[in-house]
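Counting in the numbering used here, the sequence shown runs without a single skipped number right up to 131 at its last residue. Notes follow once the structure below has been shown.
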Amino acid sequence: MPIQNSWYIEGRVLLTELIGDVTVDEMVISSQQGTAMIESGTAPIYNLVDVTRLGHFPLKLNDLKQVFSQGTSTKLEWVFLIGLQNVLVKFLATTFVQVMKRNYLLMNTVEDALQAIDKLEKGGIVRK
């Protein structure tokens with residue numbers, strides 16, 4: 004599957020990788036799986052969304068309504084969007100996390116996101 008959800012740190016940090024071409028249906032399934040995983044974890048949960056190997060991405064807002072309507076767990080505290088280079092994909096991704104009413108940061112690498120999480124855990128970054 005072009006979208007893979009796995010625990011980077013069991014029960015706390017979820018890694019979502021988008022690889023190759025991604026469809027809306029795959030995004031809906033991944034969102035449902037990710038939400039179930041987050042619900043099984045311990046708050047606050049951090050989600051690393053890595054798009055460094057993303058190919059084609061659905062760009063029509065009408066197509067993405069299904070994904071936006073999935074909602075998410077209240078345990079999800081921060082979303083880290085990693086490797087966003089395409090301006091339109093960056094706009095859609097940041098819009099998505101804003102619609103979900105989640106804190107988010109744009110990061111270059113997974114390592115950068117992990118450093119930010121470390122600061123968050125130590126109280127180094129103020130919540131939005």
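Yeah, the Cβ is synthetic: ideal placement off N, Cα and C, and Gly gets one too.
Residue i - DSSP class collapsed to helix/strand/coil
i: Lys131; result: Because Lys131 sits at a pLDDT of 40, beneath the cut-off of 50, its placement in the model cannot be relied upon, and the following sentence gives the value as read from the coordinates. Note: Lys131 maps to coil in three-state DSSP.
i: Phe83; result: strand
i: Ser76; result: coil
i: Asp28; result: helix
i: Asn111; result: coil
i: Leu62; result: coil
Presumed contact (8 angstroms Cβ cut-off) between residue i and residue j, rounded CB distance
i: Ser34; j: Val92; result: Their Cβ separation, rounded to whole angstroms, is 16 angstroms, which puts Ser34 and Val92 out of contact at 8 angstroms.
i: Asp121; j: Gly86; result: Not confirmed; about 20 angstroms, so no contact.
i: Asn8; j: Met40; result: 6 angstroms
Neighbourhood of residue i by C-beta, 7 angstroms cutoff - its chain only, sequence neighbours within 5 removed
i: Pro5; result: Leu21, Ile22, Gly23, Asp24, Val25, Glu29
i: Leu123; result: Trp81
i: Gly58; result: Gly23, Asp24
i: Gly44; result: Gly14, Arg15, Lys78
i: Val113; result: Leu51, Asp53, Ile85
Limits of the beta strand (DSSP E) - the one that residue i falls within
i: Thr45; result: It is not in any beta strand (DSSP E) - Thr45 carries neither H nor E in the DSSP assignment.
i: Leu21; result: 16 to 23
Contacting residues, own chain, Cβ-Cβ under 6 angstroms from residue i (five flanking each side not counted)
i: Thr38; result: Thr75, Ser76
i: Met103; result: Thr75
N- and C-terminal bounds of the alpha helix (DSSP H) containing residue i
i: Gln101; result: 90 to 102
Same chain, Cβ closer than 8 angstroms to residue i, five either side skipped, listed in chain order
i: Leu62; result: Leu91, Val92, Leu95
i: Leu84; result: Val52, Val54, Lys93, Ala96, Thr97, Val100, Tyr107, Leu108, Leu109, Met110
Stretch-stretch touch, CB-based, cutoff 8 angstroms, three pairs: the segment 11 to 18 with the segment 47 to 63: yes
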